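Once you know that position 373 of the sequence shown is 374 in the numbering used here, the rest is easy, because the numbers rise by one and skip nothing.
Even glycine gets a Cβ: it sits at the ideal position worked out from N, Cα and C.
Owing to the predicted nature of the structure, the values given are computational and were not obtained by experimental measurement.
Shown next, in structure tokens, is the structure this report addresses.
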Amino acid sequence: MSDIRHSLLRRDALSAAKEVLYHLDIYFSSQLQSAPLPIVDKGSVELLEEFVFQRLNSLQELQLLEIMCSYFQEQSKDSVRQIIFSSLFSPQGNKGDDSRMSLLGKLVSMAVAVCRVPVLECAASWLQRTPVVYCVRLARALVDDYCCLVPGSVQTLKQIFSASPRFCCQFITSVTALYDLSSDDLIPPLDLLEMIVSWIFEDPRLILITFLNTPIAANLPIGFLELTPLIGLIRWCVKAPLAYKRKKPCLANGHVSHTVAKASGPGADRDSQLLYSKLHLSVLQVLTALQLHLTEKNLYGRLGLLLFDHMVPLVEDISRLADELNPLHASQEIELALDRLAQALQVAMTSGALLCTRDDLRTLCSRLPHNNLLQLVISGPVQQSPHAALPPGFYPHIHTPPLAYGAVPAHPAAHPALPTHPGHTFISGVTFPFRPIR
Numbered sequence: 002m003s004d005i006r007h008s009l010l011r012r013d014a015l016s017a018a019k020e021v022l023y024h025l026d027i028y029f030s031s032q033l034q035s036a037p038l039p040i041v042d043k044g045s046v047e048l049l050e051e052f053v054f055q056r057l058n059s060l061q062e063l064q065l066l067e068i069m070c071s072y073f074q075e076q077s078k079d080s081v082r083q084i085i086f087s088s089l090f091s092p093q094g095n096k097g098d099d100s101r102m103s104l105l106g107k108l109v110s111m112a113v114a115v116c117r118v119p120v121l122e123c124a125a126s127w128l129q130r131t132p133v134v135y136c137v138r139l140a141r142a143l144v145d146d147y148c149c150l151v152p153g154s155v156q157t158l159k160q161i162f163s164a165s166p167r168f169c170c171q172f173i174t175s176v177t178a179l180y181d182l183s184s185d186d187l188i189p190p191l192d193l194l195e196m197i198v199s200w201i202f203e204d205p206r207l208i209l210i211t212f213l214n215t216p217i218a219a220n221l222p223i224g225f226l227e228l229t230p231l232i233g234l235i236r237w238c239v240k241a242p243l244a245y246k247r248k249k250p251c252l253a254n255g256h257v258s259h260t261v262a263k264a265s266g267p268g269a270d271r272d273s274q275l276l277y278s279k280l281h282l283s284v285l286q287v288l289t290a291l292q293l294h295l296t297e298k299n300l301y302g303r304l305g306l307l308l309f310d311h312m313v314p315l316v317e318d319i320s321r322l323a324d325e326l327n328p329l330h331a332s333q334e335i336e337l338a339l340d341r342l343a344q345a346l347q348v349a350m351t352s353g354a355l356l357c358t359r360d361d362l363r364t365l366c367s368r369l370p371h372n373n374l375l376q377l378v379i380s381g382p383v384q385q386s387p388h389a390a391l392p393p394g395f396y397p398h399i400h401t402p403p404l405a406y407g408a409v410p411a412h413p414a415a416h417p418a419l420p421t422h423p424g425h426t427f428i429s430g431v432t433f434p435f436r437p438i439r
């Protein structure tokens, strides 16, 4: 490596950066012939940090990005592309990571603009194996480029849906990790929301791509993106009514600017809420299809794509927001948020996506305001079906009445002519009409 470094020092900055890329291609192509998983050694990382991430001016950086796009496009071996991409952009936990992440954001943004699918596929793999703190930085860079800086540029990002669905799935997962609606600054921009809803509504299976095409490990690593964006999307749908009710317009010199008023006024908020309603329907449809996929992978009852630990902060956020908002002025928003939570919990438990007991739910939801639908969900069936032939996920029609309802007990003998109502099996994959309760 020392000989290579001395040679690179005699070159100009752009030529040296190109030479490092060429050297890595030869090095890893040779390694892949003898080892399926080549090691990115310290020497290679040091060359990258010295000659690629530190020495370039803006023009040279743009030229290097074009070179990289062309290289990944023309490299025919996916394994070589992936290891080169990883060696370039895997965080090292040092001061070079800022330059590394900056260049990565610009490269992926360029790949979106010129539709370089190999770069997007490499970025999708990178998002899957990189700590979430870096994934949200890439997501923010793309959102800034295509949803904030230039009006209308979101259409360019929107078009990659058919080119690289895998990247779109990972992008949605990272975006929902970034925008968690915990503050006004972390509410997704309207253009971004509209694009994601259009993607998912067109093909709800998009958000299952990573799960369906990834070998499932026994223990998923902590601090990385989830296998699906489901929990993030559920968080969006459930918290949106309350987060938008809480949202205050930004003031400039004590007045709301025309631009801000247009972007965050009543009309924009109505548009947003319609989009969240549409998104909620799509998420429920995906959850209904999960039972079949989990069964096919022999994971039904063994792998919860929605962890109970994820539900705890969501319920805490709803409780806090409901307390912050005046119940007299936000009763409809609170009711809608709780209705969506109840629907998501019920369908997720029925499909096997959420593994928990009704007792767990009762304890968790005890701090929330009263909601009829949520009471029905957390009460659950009073008995399991005696019919062993029924598929997993079957719930009888009988439910315990919500506590403190003061329900009058039924007297079957008083109405002998009335037939009993049969229970219904839950059939996964069947779409159903949905109208949000307002």
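Query raised in the report: How should E336 be labelled, buried or exposed, when 16 other C-beta atoms within 10 angstroms of its C-beta is the threshold for buried?
Result: buried
Query raised in the report: In this structure, does DSSP put F225 in helix, strand or coil?
Result: strand
Report task. For P166, name the three-state secondary structure that DSSP assigns. Result -> helix
Query raised in the report: At which residues does the alpha helix (DSSP H) containing T364 begin and terminate?
Result: 359-366
Query - Segment limits, alpha helix (DSSP H) that includes P119 - result: 118-130
**Report entry** Same chain, Cβ closer than 7 Å to P417, five either side skipped, listed in chain order
**Finding:** Low local confidence applies: a pLDDT of 38 at P417 is under 50, so the model's placement there is unreliable, with the coordinate-based value given in what follows. Excluding positions up to five away in sequence, the list is empty.
Report task. Please report the residue range of the alpha helix (DSSP H) in which V198 lies. Result -> 191-203
Query raised in the report: Cα-Cα, which of D99, C123, Q129 is closest to A142?
Result: D99
Query raised in the report: Per DSSP, L355 forms a beta bridge with which residues?
Result: L307
Query raised in the report: Considering S87, what are the terminal residues of the alpha helix (DSSP H) in which it resides?
Result: 79-90
**Report entry** Residues near A331 by beta carbon distance below 6 Å, same chain, minus five either side
**Finding:** K246
Query raised in the report: In this structure, does DSSP put L38 in helix, strand or coil?
Result: coil
Query raised in the report: So, L209 versus W237, is the Cβ gap smaller than 8 Å?
Result: no
Query raised in the report: When we look at the beta-carbon of Y23 and count the other beta-carbons within 10 Å, is it buried (16 or more) or exposed?
Result: exposed
Query raised in the report: Assuming Q83 contacts S30 under a Cβ cut-off of 8 Å, what Cβ separation, rounded to an integer in Å, is found between them?
Result: Incorrect: roughly 12 Å between the Cβ atoms, too far for contact.
Query raised in the report: Among residues of its own chain, excluding the 5 on either side of I232, which ones have a beta-carbon nearer than 7 Å to its beta-carbon?
Result: L307, H311
Report task. Leaving out five residues on either side along the sequence, give the residues of the same chain with a beta carbon under 6 Å from the beta carbon of C357. Result -> F309
Report task. Express the C-alpha separation of E20 and S175 in angstroms, rounding to a whole number. Result -> 33 Å
Query raised in the report: Anyone know if the C-beta pair for S77 and L194 falls short of 8 Å?
Result: no
**Report entry** Integer Cβ distance of L243 from L322, believed to fall under 8 Å
**Finding:** 4 Å
Report task. Verify the CB distance criterion: does V133 have a CB-CB separation below 8 Å to chain D? Result -> Among the chains in the structure shown there is no chain D, since it carries only a single protein chain.
**Report entry** Beta-carbon spacing of L105, F90 below 8 Å
**Finding:** yes
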